[in-house]
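If you read the sequences in order, they're chains H and P.
If you're matching positions, the first sequence starts at 1 in the working numbering and goes up one per residue.
If you're matching positions, the second sequence starts at 1 in the working numbering and goes up one per residue.
The beta-carbon is built from N, C-alpha and C at its ideal position, and this holds for glycine as well.
Reviewing the structure listed below.
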Amino acid sequence: MMRFFKQICAPIFILIATTANADNIKLAVTTSFNNSGLSDVLLPKIKSDIGLNIKLLVVGTGQALRLGAAGDVDAILVHSKKAEEQFVTDGYGLHRREIMYNDFVIIGPKHDPAIVRNSKSVREALTLISQTPASFVSRGDDSGTHKMEVGLWKYSGLDPDKFGKWYKSVGSGMGASLNVSASMGAYILSDRASWLNFKNKSDLEILFEGDKLLFNQYSFIPINPSLHTHVKYQLVEKLENWLTSTTAKSMINGYEIDGQALFTFNAEPE
Amino acid sequence: MFPLIAENLVVEFNGKHILGPLDLTVNKGDISLILGPNGSGKTTLLKSLHGIMKLKRGSIKWSCSDNSSMKKQMFVFQTPIMLRRSVFENLTYPLLLRKVSNSKAHRLATEWVEKIGLKEIMHISATRLSGGEKQKLALARALITEPEMLFLDEPSASLDGKTTVEIENLLKSCTKNGTTIMMSTHDIGQAKRLAKNILFLNKGILESNQLTETFFLEPTSPNAQKFITGEIVE
């Protein structure tokens, strides 16, 4: 019950215990980064290596960008390239540094009423879902995953705004949306890491994967200290150096669930 | 806070050399304008001195701690950054961050909104302003904090003559209060009107650093001479 409660209530602010003497920064991250479990592994190591306590604000990419624009966090780690580039162009972020990637997958009930299992492309898979009575759960929260999903529908020549009741926009984080999907036996787009770490899989499984359009890049953006003079830029710089280090590379590439690697480190050295 | 001393400054980006090696001293009250062709490193120099661009080598020293130097300097970008708040709230924001009392912040913002001619529209969202209005607001938001050092990256690059004059007048008035200014521009006339000294950058190298009068009469750099006369600098 408690686990169910935790998943339903995401996204919420996750407060990492802090100590009075250590350096503290606020980092807005996507729900998928947190739901994957990777943050639980990286944060203690960051604290021990560079003495930095990171207070995570777990939200969708859209909300993370809004928090950053308002100066409510020191940096963001998100996944929506177009929105990130605009964020930096607008001057809210200093620069965009790619850190790692994973991919999206289409999850659905094992009996696969829309027969997407043998699709040759994500376009074909989504078209099949739209042509059958099967339900589809959308994050609907302006997150990076939601932006990706809407973009894929449009790429497939379909407009989610015109969909019927089979398209359920739940306005929730990844874990909560997967729970709704599990309870309804509905299709859903999820990042692979969140799916692998999801404990309530019920009758769901991965039905489509591998299309290059499902690539999911995570990037780190320091908030502009010229605009928000209170942000802790020097600490953010320390964090960026750590996130792009060989230590981070081995931890990110080595993070596995059920024997599967979830993320691939791809930060370029400066 | 001053002098600001940059020693052996080198900046690279993605393995490409952008700026330096470069030595520079900025004294209190200086109004320095940076001239140079596109891609010469003007923005990089400003951002490096401001502390928001990583150095490959060298150091930037303020005669105060790094932490307090950041709070005493402001940066105005070529494309003005607007907070998604009203014009008035854009002005009170940096003051409230500095723990200025609410009443003082409101009084100062009221003065500044009048000074920049936006009083009639002070309650609309700043994102709805024209380009020139945004740049005036961005400058006012920086000046309202009475910074000791102000960096400006081509603040009037795409503005009409009237707005450019208004911005230059704001800059002149702030130097009377002791603010030190470092600004990049493509506008030679603006450099003559505003600068006490001129830095000429070319391909990331500081080719000359001269008083304005001397720079225009006897530029020490042959490329600066070409730039002044409108020739292409290669």
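Could you check whether the Cβ of residue i sits closer than 9 Å to any Cβ belonging to chain P?
i, result
"H:G91", "yes"
"H:Y233", "yes"
"H:E268", "yes"
"H:N224", "yes"
"H:E237", "yes"
"H:N21", "The pLDDT assigned to H:N21 is 47, lower than 50, so where the model puts this residue is not dependable, and the model offers no usable value."
Run through chain P and tell me which residues come within less than 8 Å of residue i, C-beta to C-beta.
i, result
"H:A69", "L83 and R84"
"H:L94", "I52"
From the beta carbon of residue i, is the nearest beta carbon of chain H less than 9 Å away?
i, result
"P:M149", "no"
"P:P80", "yes"
"P:F13", "yes"
"P:P94", "yes"
"P:K71", "yes"
"P:M122", "no"
"P:F77", "yes"
So what does DSSP say about residue i, is it helix, strand or coil?
i, result
"H:V150", "helix"
"H:P222", "strand"
"P:N14", "coil"
"H:P44", "helix"
"P:W62", "strand"
"H:E270", "coil"
"H:M100", "strand"
"H:K168", "strand"
"H:A261", "strand"
"P:A191", "helix"
"H:E209", "coil"
"P:I228", "helix"
"H:Y255", "coil"
"H:P109", "strand"
"H:D161", "helix"
"P:R272", "With chain P running from 1 to 234 in the structure shown, residue 272 of chain P is simply not present."
"P:E114", "helix"
"P:L86", "First, the amino acid is wrong: residue 86 of chain P is Ser here, not Leu. Three-state DSSP puts P:S86 in a strand."
"P:F216", "helix"
"H:G144", "helix"
"P:L49", "helix"
Based on the DSSP output, what are the partners of residue i in its beta bridges?
i, result
"P:L152", "P:V76 and P:M183"
"H:D23", "H:L52"
"P:T25", "P:I5"
"H:T30", "H:V59"
"H:G93", "H:I223"
"H:D191", "H:F104"
"H:N241", "Bridge partners of H:N241: none, in fact."
"P:N197", "P:S32 and P:L211"
"P:N202", "P:I205"
"H:F136", "H:Y167 and H:Y187"
"H:A114", "Partner(s): none; H:A114 has no beta bridge."
"H:I76", "H:A28 and H:I221"
"H:N216", "H:N102"
"P:S125", "P:S86"
By the criterion of Cβ-Cβ separation under 9 Å, what are the contact partners of residue i in chain H?
i, result
"P:L97", "G71, H228, T229 and H230"
Applying a beta-carbon distance threshold of less than 8 Å, which residues of chain H neighbour residue i?
i, result
"P:M183", "Result: empty, since nearest Cβ-Cβ is about 14 Å, beyond 8 Å."
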